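Structure first, then comments.
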Amino acid sequence: LFGVHATDDLLKVEFSVLPADSGPGLDVAISAAGEAVVASSNGALGYFAAATGKLLQWAKPLDTTGKVLHGIAAYGDGVVASGYIKVGSASGGQAGYLVRYGKDRKVMWEKTYDAGGADYLTEVRALSDGRIAAAGAVSVAGKGWDVRALLLGSDGAVFSSTTLGSTGNEYPTALAVLKDSRLVVVGHRGDGVNSDGYHATVTPWGHAQCVTAGYCADLTVAGCDDKNPCTVDSCAPGKGCTHAAITGCK
């Protein structure tokens with residue numbers, strides 16, 4: 013077993029709901045429709061499966077071999093899932109991948125996030141302001157593996173991309189979103205001999221350290237909300253709140 017989700021009246025786990033060829037269930041989310049939607053992978057292809065109680069309601073693979081799923085979260089009237097997609101060797105062979113499904117079980121969008129090395133996204137979460145947070149790892153030349161945290165818009169567009177880590181290899185295993193929209197990433201760090209627990213916090217604006225976040229260190233999402241749907245609210249360490257106009261928005 014890899015994932016679990018509690019609801020008000022029952023506990024749902026993914027071990028009893030998957031088709032034989034879908035591989036192990038890796039994460040589960042409860043959709044707005046009340047279904048337990050599972051992300052799974054057989055190592056070459058990602059699968060979605062949904063159940064109510066112990067009854068399998070539907071199951072479907074992604075459309076192309078090489079798209080592998082790791083994490084899933086309820087989002088809007090559907091779900092968003094994270095993983096990786098096989099790409100050319102120039103990009104390390106794989107890149108981070110997100111796909112969003114609507115309530116009709118159709119793909120609303122899918123995005124590839126190529127950081128230039130082999131990378132993947134293991135965890136995904138929905139933020140209260142409609143953005144999406146994802147965490148994974150990227151292979152950095154000369155350094156090994158580092159944690160990567162992404163903040164994304166509702167269409168999957170990158171709001172911020174933060175690479176975390178130092179010497180050795182850092183791998184994320186879980187991602188949480190705090191009430192003030194800060195991201196907490198936990199995992200482990202190894203140097204080839206020892207392995208230690210790893211923890212990092214990222215501000216709602218994508219800053220990894222308080223000393224570099226400046227004015228944004230303690231500023232919440234609400235603190236920069238100008239109530240204008242035609243701007244993208246952000247925070248710059250040396251300036252404070254910024255509000256970039258959205259092209260074509262009226």
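Going by my numbering, the sequence shown opens with residue 13, and the numbers climb by one from there.
Ideal placement from N, C-alpha and C gives every residue a C-beta, glycine not left out.
What you are looking at is a predicted structure, and each value in this text was computed from that prediction instead of being measured.
Check: What's the C-alpha gap between GLY105 and PRO184?; Outcome: 20 Å
Check: Starting from CYS247, follow the beta strand (DSSP E) in both directions and report where the run begins and ends.; Outcome: 243-248
Check: Quick one: grab the DSSP three-state call for GLY1.; Outcome: No statement about residue 1 is possible, as the shown extent of the chain runs from 13 to 262 and does not include it.
Check: Grouping DSSP H, G and I as helix and E and B as strand, with all else coil, what is ALA130?; Outcome: coil
Check: Please tell me whether ALA161 and ASP131 are closer than 8 Å, where the distance is taken between their beta carbons.; Outcome: no
Check: So, at 6 Å on beta carbons, what are the nonlocal neighbours of ALA147 in its own chain, with the 5 sequence-adjacent residues on each side left out?; Outcome: GLU135, ALA161, PRO184, LEU187 and VAL197
Check: Hey, quick one: how far does the beta strand (DSSP E) through CYS253 stretch, first residue to last?; Outcome: 252-257
Check: Just checking my contact of ASP141 with ALA149 at CB under 8 Å: how many whole Å lie between their CB atoms?; Outcome: Actually they do not touch by this definition, with Cβ atoms about 26 Å apart.
Check: Out of curiosity, what's the CA-to-CA distance linking SER246 and CYS236?; Outcome: 7 Å
Check: For the beta strand (DSSP E) holding LEU187, just list the boundary residues, first then last.; Outcome: 181-189
Check: Is ALA234 helix, strand or coil when you go by DSSP?; Outcome: helix
Check: Quick check: what's the CA-CA separation for VAL205 versus ASP126?; Outcome: 29 Å
Check: Should ALA61 and ALA45 be called a contact, given that it needs their Cβ atoms to be closer than 8 Å?; Outcome: no
Check: Helix, strand or coil for LYS262, going by three-state DSSP, please let me know.; Outcome: coil
Check: With a threshold of 6 Å on Cβ separation, who are the neighbours of ALA225 within its own chain once the five nearest residues in sequence on each side are excluded?; Outcome: THR215, HIS219 and PRO249
Check: Counting C-beta neighbours from all protein chains within 10 Å, is the total for ALA256 16 or more, i.e. buried, or is it exposed?; Outcome: exposed
Check: Output the boundary residues of the beta strand (DSSP E) element that contains PRO264.; Outcome: This structure cannot settle anything about residue 264, because the visible part of the chain is limited to 13 through 262.
Check: May I ask which residues mark the beginning and end of the beta strand (DSSP E) holding ARG201?; Outcome: 195-202
Check: Would you please state the rounded distance, in angstroms, between the beta carbons of TYR96 and TYR87? I believe it to be under 8 Å.; Outcome: Not really, about 19 Å apart at Cβ, beyond 8 Å.
Check: Between SER172 and ALA145, what straight-line distance do the alpha-carbon atoms span, to the nearest angstrom?; Outcome: 10 Å
Check: Near CYS253, what residues of its chain come up, given a Cβ to Cβ distance below 6 Å and the 5 sequence neighbours on each side ignored?; Outcome: CYS236 and CYS247
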